[in-house]
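Just below is one structure, and these are the notes that go with it.
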Amino acid sequence: MKDLMGKAIWDYFHSENPEDLQTETSISELDELPVDYLFRKFEEMNDIEQKALELAQSKVLDIGAGAGSHALYLQNERNLDVLALDISPKSIEVCQLRGIQKTVCKNMLDFSGETFDTVLLLMNGTGIFESLKKIDTYLQKLHTLVSDNGQILIDSTDILYMFDRDEDGGVYIPAGGYYGELDYIVHYKGESEDPIKWLYLDFETLKNAAENNGFTIEKIMKDEDSYLARLTKK
């Protein structure tokens, strides 16, 4: 991993000639991701993010913390005990420099030893699951990270709308797998990250997987094709 996302976050924080990130997927063209978006304040976040941060309680694990905007808000504005976790070393360094008191640079599958009252996975949190084949592995891991009376707050988008339709409304979906399984590529300053697997889930698919792995699930809110879900242990 070249940690290009982390490099962009680092450059922006240190004013080292940051540039916008560029992202693309196996079904979408190159798109600009302004790096300052990763440093947005609560008032600039979308409704799903704001709702999740309002629902967070007690001891919180922020998975995929990035530049730390969610963790920073919960720590400083809500006075919660927050641990920011990310696989990106540069991102975690910036989280620390921004004042986040507890940080870990690890893949969530390699993190253990603590349980949390709230586990956050935001900005298409299901993406981290990679594929339907691996979703059980990730959900079982999450089961060990959340306390018995705790909650997992996770968001995703049903990307069915991105596919062409015929005159009768039928959707042209490529054969060979679930339509939400994508390759995701990040570009920054002329470098390209190796493609990673990234999973967008419709709610019913997430619901079935969650229930098969010991969770009860509810849809907290919906915003067009995106939604926020809460998972709790059965």
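Numbering follows full-length UniProt numbering, in which position 136 of the sequence shown is assigned residue number 136; successive positions increment by one, without gaps.
Here a beta-carbon is modelled for each residue, glycine too, at the ideal position from N, C-alpha and C.
Since this is a predicted model, take the numbers as computed values, not measurements.
Apart from the 5 residues on each side of it in sequence, Asp11 sits with its Cβ closer than 7 Å to the Cβ of Asn17 and Pro18 in its chain, given in chain order. With the rule of 3 Cβ pairs closer than 8 Å, the region 19-34 does not count as touching the region 52-69. As the crow flies, the alpha-carbon of Lys234 is around 30 Å from that of Asn46. For Lys233, the three-state secondary structure derived from DSSP is strand. The continuous alpha helix (DSSP H) containing Asn76 extends over residues Ser69 to Asn76. Cβ contact annotation for Gln96 (same chain, cutoff 8 Å, sequence separation greater than five): Thr103, in chain order. With a contact defined as Cβ atoms closer than 8 Å, Lys106 and Ile9 miss out at about 17 Å.
Within the model, the alpha-carbon separation for Asp202 versus Lys2 is close to 30 Å. The alpha-carbon of Ile154 is positioned some 12 Å away from that of Tyr200. Here DSSP, grouped into helix, strand and coil, assigns Ser91 to helix. For the region 1-42, the continuous alpha helix (DSSP H) assignments of 4+ residues that do not extend past its boundaries occur at 4-13, in sequence order. Only exposed fits Phe163, as fewer than 16 other CB atoms lie within 10 angstroms of its CB.
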